[in-house]
Amino acid sequence: MLWEHEYRYFRATEAEKQKILEGLRRALEAESKVLLAVVFGSFVELESFRDVDVAVYTLDTSLDYIAKLGARLELALAIPVDVVPLTELDPYFRLAVLTRGKVVLEKTPGLYETLLSQTHDEIQLIELEKTRSAGRQKHEQ
1 MLWEHEYRYF RATEAEKQKI LEGLRRALEA ESKVLLAVVF GSFVELESFR
51 DVDVAVYTLD TSLDYIAKLG ARLELALAIP VDVVPLTELD PYFRLAVLTR
101 GKVVLEKTPG LYETLLSQTH DEIQLIELEK TRSAGRQKHE Q
């Protein structure tokens with residue numbers, strides 16, 4: 001059996017995208033557990049998009065909450081929304097999301113900068129460990 005699934009792509013002007021972002025911000029303001037939201041991906045970077053990718057810093061990262069949040073946002077915007085918890089992302093991808101995405105909601109002042117700084121620190125530790133491991137391997141040869 002062949003599985004076929006067609007994706008619908010959307011096009012929006014900058015003004016239309018701003019309206020979508022404003023609707024998203026309003027919907028997220030009503031979510032008491034969401035403290036920060038960043039829109040990233042094709043919605044931000046391209047003219048056409050399949051969905052709106054939203055990374056959230058939230059007090060509840062359970063799959064159930066994230067899935068229900070995505071469903072509520074889809075109902076509010078009437079377009080597909082993909083929600084991911086920022087804390088669950090690979091640090092390199094998290095850095096790309098934070099630096100290339102658009103912050104649409106920051107309930108706690110300074111949270112964005114704190115997460116960005118923590119992500120940089122985490123990447124530095126990973127790179128330091130890679131350097132140490134490479135040095136040990138070279139020394140063992």
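Taking our numbering, the leading residue of the sequence shown gets 1, the next gets one more, and so forth. Note that the Cβ used here is the ideal one computed from N, Cα and C, for glycine as well.
Residue i, buried or exposed, once every other Cβ within 10 Å from all chains shown has been counted against 16
| i | result |
| --- | --- |
| Met1 | Residue placement at Met1 is poorly supported in this model, since its pLDDT is 46, which falls under 50; the coordinates still yield a value, given next. Exposed, since its Cβ has fewer than 16 Cβ neighbours within 10 Å. |
| Val103 | exposed |
| Leu63 | exposed |
| Glu29 | exposed |
Opening and closing residue of the beta strand (DSSP E) in which residue i lies
| i | result |
| --- | --- |
| Pro85 | Val81 to Pro85 |
| Asp53 | Val52 to Thr58 |
| Ala12 | Careful: Ala12 lies outside any beta strand (DSSP E) and carries neither H nor E. |
CA-to-CA distance, residue j to residue i, given in whole angstroms
| i | j | result |
| --- | --- | --- |
| Thr58 | Lys19 | 24 Å |
| Gly41 | Leu86 | 14 Å |
| Ala12 | Ser133 | 47 Å |
| Val44 | Leu128 | 32 Å |
| Lys130 | Ile123 | 10 Å |
| Glu16 | Glu22 | 10 Å |
| Arg8 | Val52 | 12 Å |
Element boundaries [alpha helix (DSSP H), containing residue i]
| i | result |
| --- | --- |
| Ala96 | Pro91 to Arg100 |
Those residues which DSSP pairs with residue i across a bridge
| i | result |
| --- | --- |
| Val38 | Ala55 and Val103 |
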